[in-house]
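Residue numbers (the numbering used here), protein chains in the order written: chain C, 1 to 353; chain F, 1 to 353.
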């Protein structure tokens, strides 16, 4: 590797810089471009080292490390999931991530990923739907109107062509806030009084609720033929959103079966229940939707490759925009074996100052 | 948990701040205090969640994530090991770490750990030697005089009472640099022309070489009765420093057997070869050294609990010293479910500016 200048300085994208980046690029363009990078990485799925995420569970939540590598770049995300955090005015999910150079092990980027995760999850959902939903899908029911909801809505508008949105949340103020946030963004939005009302006539149903429990956001009779279900909220052991009967009627697509069988909706099914891998659809190896009446289900739990794509995309953007700061994260003595000498020179410098 | 102010801001200790912290506290005091925290954590070893490190190997090196938790705090270190990096003017090992609150999943500290790892490795080595070396040990051979060497020397001075140091490295300029860096620090230092010369009369032998290969830094006839060996450099599969016969003559102490059997000197031995766990010695459950003539060996590979201790120690120090900066790492909307609204408010703010 050729020497780089300022080896010790790692570009850092703060929350403020991430927001500026998203706004500069435009939210929908950001989602479209990110979706293209995710598709690119899913097409070369087999190039990735797919380590299962490393989870530290506690009574209140989980802290996870999600690493992956394509042999050139290495990425990982730190992410927590603490459903009760909202009670204390905290985010349920916060995240940050690192992208590194495999050849040297040096980090190339540190970035906030709370906002970025919401964007990549939405882009991923919409990528799946573009391959699985009926091509004439224009109406989406969005059940669970928390922190992810607007991102899901705009991703489905930009990537799938959704025009009509039907919102439902146990907490009506959440739906109202979501509708307000989306006003003027080109979607026709209706707040519904029941999940039943929201799904009537919907081509796509997105479930993205947050409670950590076995819940039944959707029951079997609510899902008509031809629907695509984007199940985002059921994403850890003990947390599901769909009635088991829906799963039995659906063609199920997943990111990475060993992880989804533990964390996804299909934790309700036997370990041998057939599922299809989304990357094979994207790579053109297997068919996605096979008929207008089929029910397709993307049992999304979030996988490290998606974060890798997001990190890669952000890295490609910060060079031009300058929306980052340099972080003095790595000790970089002039003579690599002389770490201690660096300390002594610092002492001299401080004394001289 | 009571609300904290500026939840989104994570204290960050840069390389520069870490150096200032070490110099402010004083290197030897820092090592002594850090050793006390390590001992404290080793005494409550059973309280820790001991996940094996997550390693991503590549032809040139490895990138590892080392997480652990005591149920209250969660820590992890990112660390690379790339022996060929020095050729390109890069560090063999660079590292940074995070300490988080288990109850909320929120990070509490981000810090450089390249310097901190050298300090914690040295403190750990010296803690082990205090429990395993003969109490009258005053002379240490230090074989391998790279980036870790001065830290090892000062830790053994401060914690074990070593007064005389005998240096050897394949590269004589490394030994000379080490001797020069240590001048005036209260150690009597001699540069030797062979490892044989360095170990003559040494009470403690520390091996800390860097090449990733099966090497024989020490052969069997070089180790006399009563010696304590602190084997630091053999720390990954395919990288050992000691002749197998030395291992067979020694009482072997390790941090965490499942990891050391893969990464340590004992990868040369059968999977059932008896080893003792250092934490049990520190906790007073088993004996360390049992006679003046026994050869004791600390087969050190570095374990996540030591990094946890180091993170905990640094966190305890930054409050008083102010040697940190605030990092805008976490999105923290006023209303936790309204992440998107935070983006909209940012847009308004930017337009108004």
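Backbone N, C-alpha and C define an ideal beta-carbon position, used for all residues, glycine too.
Taking C-beta to C-beta, are residue i and residue j nearer than 7 Å?
i, j, result
"residue 331(F)", "residue 114(C)", "yes"
"residue 232(C)", "residue 254(C)", "no"
"residue 36(F)", "residue 159(F)", "no"
"residue 244(C)", "residue 268(C)", "yes"
"residue 210(F)", "residue 92(F)", "yes"
"residue 81(F)", "residue 61(F)", "yes"
"residue 49(F)", "residue 134(F)", "no"
"residue 326(C)", "residue 301(C)", "no"
Can you give me the C-alpha to C-alpha distance between residue i and residue j, rounded to a whole angstrom?
i, j, result
"residue 51(F)", "residue 225(F)", "36 Å"
"residue 239(C)", "residue 230(F)", "48 Å"
"residue 24(F)", "residue 13(F)", "14 Å"
"residue 246(F)", "residue 298(F)", "12 Å"
"residue 242(C)", "residue 65(C)", "27 Å"
"residue 296(C)", "residue 103(F)", "37 Å"
"residue 337(C)", "residue 124(F)", "21 Å"
"residue 156(F)", "residue 162(F)", "6 Å"
"residue 153(F)", "residue 165(F)", "7 Å"
"residue 68(C)", "residue 201(F)", "49 Å"
"residue 346(F)", "residue 63(C)", "28 Å"
"residue 318(C)", "residue 19(C)", "12 Å"
"residue 167(C)", "residue 189(C)", "7 Å"
"residue 126(C)", "residue 284(F)", "58 Å"
"residue 350(F)", "residue 333(F)", "17 Å"
"residue 303(C)", "residue 42(C)", "11 Å"
"residue 1(C)", "residue 101(C)", "At residue 1(C) the pLDDT is 38, less than 50, meaning the model places this residue with poor confidence and gives no usable figure here."
"residue 343(C)", "residue 73(F)", "29 Å"
"residue 294(C)", "residue 272(C)", "21 Å"
"residue 197(F)", "residue 206(F)", "14 Å"
"residue 290(F)", "residue 315(F)", "37 Å"
"residue 335(F)", "residue 236(C)", "24 Å"
"residue 184(C)", "residue 259(F)", "57 Å"
"residue 33(C)", "residue 78(C)", "23 Å"
"residue 292(F)", "residue 252(F)", "16 Å"
"residue 256(F)", "residue 95(F)", "21 Å"
"residue 75(C)", "residue 208(C)", "26 Å"
"residue 116(F)", "residue 29(F)", "14 Å"
"residue 3(C)", "residue 47(F)", "Note that residue 3(C) has pLDDT 43, beneath the 50 cutoff, so the model's placement of it is unreliable and the number below is only indicative. Each residue's alpha carbon lies about 44 Å from the other."
"residue 352(F)", "residue 11(F)", "30 Å"
Measure from the alpha carbon of residue i to the alpha carbon of each residue in the options, then state which is nearest.
i, options, result
"residue 39(F)", "282(F), 349(F), 144(F), 315(F)", "282(F)"
"residue 195(F)", "49(F), 187(F), 175(F)", "175(F)"
"residue 105(C)", "85(F), 119(F), 101(F), 112(F)", "85(F)"
"residue 109(F)", "192(F), 184(F), 7(F)", "7(F)"
"residue 270(F)", "148(F), 278(F), 261(F)", "261(F)"
"residue 97(C)", "305(C), 168(C), 48(C)", "305(C)"
"residue 71(C)", "95(C), 193(C), 99(C)", "99(C)"
"residue 173(F)", "150(F), 80(F), 145(F), 151(F)", "145(F)"
"residue 27(F)", "352(C), 341(C), 353(C)", "341(C)"
"residue 111(F)", "312(F), 32(F), 351(F)", "312(F)"
"residue 151(C)", "352(F), 349(F), 339(F), 45(F)", "339(F)"
"residue 220(C)", "147(C), 208(C), 237(C), 199(C)", "199(C)"
"residue 421(C)", "353(C), 250(C), 291(C)", "A query on residue 421(C) cannot be resolved here, the shown segment of chain C reaching from 1 to 353 and no further."
"residue 217(F)", "185(F), 236(F), 169(F), 184(F)", "169(F)"
"residue 9(F)", "256(F), 324(F), 335(F), 193(F)", "324(F)"
"residue 278(C)", "187(C), 44(C), 83(C)", "44(C)"
"residue 192(F)", "208(F), 186(F), 171(F)", "171(F)"
Would you please state the rounded distance, in angstroms, between the beta carbons of residue i and residue j? I believe it to be under 8 Å.
i, j, result
"residue 309(C)", "residue 120(C)", "7 Å"
"residue 31(C)", "residue 122(C)", "6 Å"
"residue 280(F)", "residue 328(C)", "40 Å between Cβ atoms; not a contact."
"residue 142(F)", "residue 228(F)", "In fact, because the Cβ distance is near 13 Å, the residues do not count as touching under 8 Å."
"residue 148(C)", "residue 118(C)", "5 Å"
Taking 6 Å as the line, does the beta carbon of residue i fall inside it for any heavy atom of the ligand NAD?
i, result
"residue 350(F)", "Absence of the ligand NAD is noted for the structure shown, with no ligands found whatsoever."
- Inter-stretch contact (C-beta, 8 Å, three-pair minimum) for the region 169-187 of chain F and the region 57-64 of chain F: no
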